Amino acid sequence: DAGVIQSPRHEVTEMGQEVTLRCKPISGHNSLFWYRQTMMRGLELLIYFNNNVPIDDSGMPEDRFSAKMPNASFSTLKIQPSEPRDSAVYFCATQDTSLTGELFFGEGSRLTVL
Amino acid sequence: GNSVTQMEGPVTLSEEAFLTINCTYTATGYPSLFWYVQYPGEGLQLLLKATKADDKGSNKGFEATYRKETTSFHLEKGSVQVSDSAVYFCALNSNTGNQFYFGTGTSLTVIP
């Protein structure tokens, strides 16, 4: 299996632009998590889905952030409009809840907002 | 509530030194416990896990034992290598509501 696939790996954009980050989970994994990692705040859970349904979005910073999971093989995290303080590495992680429960992380999308 | 507290870093060790990174947790119910490792520029990778009390997880020379009486899951390695330089995260899964809780991470640098 190719693992969790995220794109783009790196994105540089200007303040005010829309950013879309993408995630393809491991086939058969039924839970998907979006995390943000910064030096100041560490690893923060933004939102997670179970069977494509958002379960907990309390970590989403504000209305500028939105996430969707239209089917079991794809999820997006969108920031509109982007701000410099959104600069971070965004990780997608997936899980097969019928097994031992560990998360499998993608390699992350490094976002820089100028 | 649920939470994980791990040793503050950074930690710097000489090659072949003994490593301990402390992790304690607070949880309701019977969580599963994990150690993840993050190498520079990469995502987190599972290093080892334990799903019930007294279980010992082990991988690549690292070990951690699930101690319910002390609510701890300390990571140990007898002889570290330069290639072990990374950030280590302790985590728990509450197993109720499928909530994961991560520690703040401990940066380890091993010098030759």
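Respectively, the protein sequence lines represent chains Z and V.
For the first sequence, my numbering begins at 194 and goes up steadily by one.
For the second sequence, my numbering begins at 90 and goes up steadily by one.
Glycine residues also receive a C-beta, built at the ideal position from the N, C-alpha and C atoms.
Every value quoted in this text rests on a predicted model; they were computed, and no experiment measured them.
Ranges of the beta strand (DSSP E) found wholly within the region 226 to 270 of chain Z, counting only runs of at least 3:
Listed in chain order, the complete beta strand (DSSP E) runs (minimum 3 residues) inside the region 226 to 270 of chain Z are 235 to 243, 246 to 249 and 258 to 264.
Taking the alpha carbon of residue 166 of chain V as the reference point, which residue from V:184, V:183 and V:146 has its own alpha carbon closest?
Residue 166 of chain V has its Cα closest to that of V:146, out of V:184, V:183 and V:146.
Euclidean distance between Cα positions of residue 93 of chain V and residue 195 of chain V:
Pairing residue 93 of chain V with residue 195 of chain V, the inter-Cα distance amounts to about 13 angstroms.
Comparing C-alpha positions only, which one of V:183, V:152, V:198 and V:153 sits nearest to residue 171 of chain V?
Between residue 171 of chain V and the set V:183, V:152, V:198 and V:153, the nearest pair of CA atoms involves V:198.
With respect to the beta strand (DSSP E) encompassing residue 134 of chain V, which residues constitute its N-terminal and C-terminal limits?
Counting along the chain, the beta strand (DSSP E) containing residue 134 of chain V begins and ends at 133 to 139.
On a Cα-Cα basis, can you pick out the residue from V:127, V:143, V:101 and V:142 that is closest to residue 136 of chain V?
Among V:127, V:143, V:101 and V:142, the Cα nearest to that of residue 136 of chain V is on V:127.
Helix, strand or coil for residue 202 of chain Z? Go by DSSP, reduced to three states.
For residue 202 of chain Z, the three-state secondary structure derived from DSSP is coil.
Any residues in the region 279 to 303 of chain Z with a beta carbon nearer than 8 angstroms to a beta carbon of chain V? Which ones, in chain order?
Result list: 284, 286, 288, 290, 293, 294, 295, 296, 297, 298, 299, 300 and 301.
Using a Cβ-Cβ cut-off of 6 angstroms (strictly less than) and excluding sequence neighbours within five positions of residue 242 of chain Z, which residues of its own chain qualify?
Counting only residues of its own chain and dropping the five nearest sequence neighbours on each side, residue 242 of chain Z has a CB closer than 6 angstroms to the CB of 225 and 262.
Name the DSSP beta bridge partners of residue 93 of chain V, please?
Residue 93 of chain V pairs with V:114.
Suppose the cutoff is 7 angstroms on Cβ atoms and the five residues either side in sequence are ignored; what does the same chain contact list for residue 174 of chain V look like?
Excluding sequence neighbours, residue 174 of chain V sits near 197, 198 and 199.
Here's a check: name, in chain order, each residue in its chain whose Cβ is nearer than 7 angstroms to the Cβ of residue 245 of chain Z, leaving out the five neighbours to either side.
Closer than 7 angstroms at the Cβ level, and outside the excluded window around residue 245 of chain Z, lie 262, 264 and 265.
Determine whether the Cβ of residue 235 of chain Z lies closer than 7 angstroms to any Cβ atom of chain V.
Yes, contact with chain V.
Within 7 angstroms of any Cβ in chain Z, is that where the Cβ of residue 77 of chain V sits?
Outside the shown range of chain V (90 to 201) lies residue 77 of chain V, about which nothing can therefore be said.
Residues of chain V with CB closer than 8 angstroms to the CB of residue 243 of chain Z, please, in chain order.
Those within 8 angstroms of residue 243 of chain Z in chain V are 187.
Could you spell out the range, first to last residue, of the beta strand (DSSP E) harbouring residue 286 of chain Z?
Counting along the chain, residue 286 of chain Z sits inside the beta strand (DSSP E) bounded by residues 281 to 288.
Does DSSP put residue 302 of chain Z in a helix, a strand or coil?
Residue 302 of chain Z: strand per DSSP, three-state reduction.
Contact between the region 200 to 217 of chain Z and the region 271 to 278 of chain Z (3+ Cβ pairs under 8 angstroms)
Touching, per the Cβ criterion.
Taking 7 angstroms as the cut-off, decide whether the C-beta atoms of residue 235 of chain Z and residue 132 of chain V are in contact.
In this structure, residue 132 of chain V does not lie closer than 7 angstroms to residue 235 of chain Z by Cβ.
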